[in-house]
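Data block below; observations after.
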Amino acid sequence: MTWLDSTVHRALVEAVLVGVLGGVTGVFVVARRLPFFTMALTHATFPGIVVAAMLGVNLYLGGGLFGLLVVAAVLVFSRGRGQDFTTATGIALSGGFGLGVVLVSSQDGFTRDLAAYTVGDVLAVSTGDLAATVAVTVGVLLLLALVGKELLLAAFDPVGAAALGLPTVLLDFALLAVVVVTVVATVPALGTILAVALIVGPAATARLLSDRIALLFPIAAAIGVACALAGVWVSTVWNVATGASIALLVGLVFGAVFLATALRGRTRRAVPVRA
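Okay, so the sequence shown: first residue is 1 according to full-length UniProt numbering, each after it adds one.
Okay, here's the thing in structure tokens:
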């Protein structure tokens with residue numbers, strides 16, 4: 001019996017991986033103001049899940065591939081006359097979810113259980129899920145290490161990035177693709193509904209603690225890992241839903257840091273300035 005044969009051990013490893021992955025990717029999501037896109041994307045992958053279930057292939061592979069198609073559609077729609085990224089996101093992603101519902105309703109006797117995909121269960125991850133998460137985490141970290149500066153420049157100053165001759169459309173697709181694979185990799189642990197918490201929450205909390213971009217990544221990753229591990233512990237001790245525990249802890253940490261920074265700001269303003 002190997003160490004990873006234990007359910008709890010696999011859950012702990014998965015928690016560390018998704019904590020790092022969600023935290024690091026979340027910095028770009030927050031910087032580019034993509035929380036709405038990330039939340040909507042969790043629903044837009046639904047048609048890919050349904051098709052994968054109908055064909056008997058891996059659900060997460062189906063969701064990831066369809067998510068990439070949705071990303072391409074959003075980029076195309078957002079460049080239409082009178083359109084912007086938010087509008088294109090709403091149209092493409094709501095349309096994608098509608099397609100999934102149509103596919104389900106058209107199949108008589110379609111009873112494939114998709115509950116695990118919507119709410120997740122980190123205690124039920126398999127060795128294969130761990131391998132997939134490792135591959136995604138390594139791939140995302142390598143990509144961000146190679147083009148992270150370019151992605152940040154395109155996020156904060158798209159006009160300047162275009163003036164420098166950077167392929168902004170390709171960079172946009174690369175960033176959105178990173179969000180897609182991060183969402184899909186996080187789904188086994190938290191599900192589509194709660195995955196956005198581990199992507200947006202730690203990065204938003206890190207932003208309250210520091211204004212330095214270089215520090216946001218380790219802070220967000222540390223918060224993500226801490227909340228994920230604590231969520232697994234809470235789930236095993238009190239026998240409650242793991243994904244919901246992780247998401248709740250992320251929200252509590254953000255709220256506590258927000259209140260602390262707000263009170264500190266008031267205290268500093270109350271202290272008289274000395275010459």
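Beta carbons: idealized from backbone N, C-alpha and C, even for Gly.
Give the straight-line distance between the Cα atoms of Asp172 and Ser235, rounded to the nearest whole angstrom.
Taking the first residue of the sequence shown as position 1, residue 172 is located at position 172. Taking the first residue of the sequence shown as position 1, residue 235 is located at position 235. If you take the alpha carbons of Asp172 and Ser235, they lie about 37 Å apart.
Nonlocal neighbours in the same chain, by C-beta distance under 6 Å from Ala189, ignoring five residues either side:
Within the sequence shown, the letter at position 189 stands for residue 189. Cβ within range, chain order: Glu14, Val18, Gly120 and Val122.
Rounded C-alpha distance that separates Thr76 from Val178:
Working through the sequence shown from its first residue, we reach residue 76 at position 76. Working through the sequence shown from its first residue, we reach residue 178 at position 178. In the sequence on display, residue 76 carries Val and not Thr. Straight-line Cα distance between these residues: approximately 18 Å.
Measure the alpha-carbon distance for Gly23 versus Ala203 and round it to whole angstroms.
Residue numbering aside, residue 23 sits at position 23 when the sequence shown is read from its first letter. Residue numbering aside, residue 203 sits at position 203 when the sequence shown is read from its first letter. C-alpha separation (whole angstroms): 6 Å.
Have a look at Leu12, His9, Pro35 and Val8 and flag the residue whose alpha-carbon is nearest the alpha-carbon of Leu194.
On the sequence shown, position 194 is the one that residue 194 refers to. For Leu194, the nearest C-alpha among the options comes from Pro35.
On the criterion of 16 or more Cβ atoms from any shown chain inside 10 Å, does Leu259 qualify as buried, or is it exposed?
Looking up residue 259 in the sequence shown gives position 259. Counting Cβ neighbours within 10 Å, Leu259 comes out exposed, since fewer than 16 surround it.
Kindly confirm or deny that the region 41 to 52 and the region 84 to 104 touch, where touching means at least three C-beta pairs closer than 8 Å.
yes
CB of Ala214 to nearest heavy atom of the ligand COA: below 8 Å?
With respect to the ligand COA, the structure offers nothing, as it holds no ligand at all.
Coil, strand or helix - Leu34 by DSSP:
Sequence index remark: in the sequence shown, residue 34 carries index 34 (1-based). Residue state, collapsed to three classes: coil.
Can you list the alpha helix (DSSP H) stretches of 4 or more residues lying completely in the region 88 to 148, in chain order?
115 to 119
Can you list the alpha helix (DSSP H) stretches of 4 or more residues lying completely in the region 172 to 242, in chain order?
213 to 238
Rounded distance between the beta-carbons of Leu69 and Thr182, thought under 8 Å:
The residue you call residue 182 lines up with position 182 of the sequence shown. The residue you call residue 69 lines up with position 69 of the sequence shown. Not confirmed; about 17 Å, so no contact.
My output table needs one value for Leu164: the three-state DSSP class, helix, strand or coil.
Counting from 1 along the sequence shown, the entry for residue 164 is found at position 164. The answer is coil: DSSP assigns Leu164 none of H, G, I, E or B.
Output yes or no for whether 9 Å exceeds the beta carbon distance between Thr186 and Phe254.
Reading the sequence shown from its first residue, position 186 is the one you call residue 186. Reading the sequence shown from its first residue, position 254 is the one you call residue 254. Not closer than 9 Å, so no.
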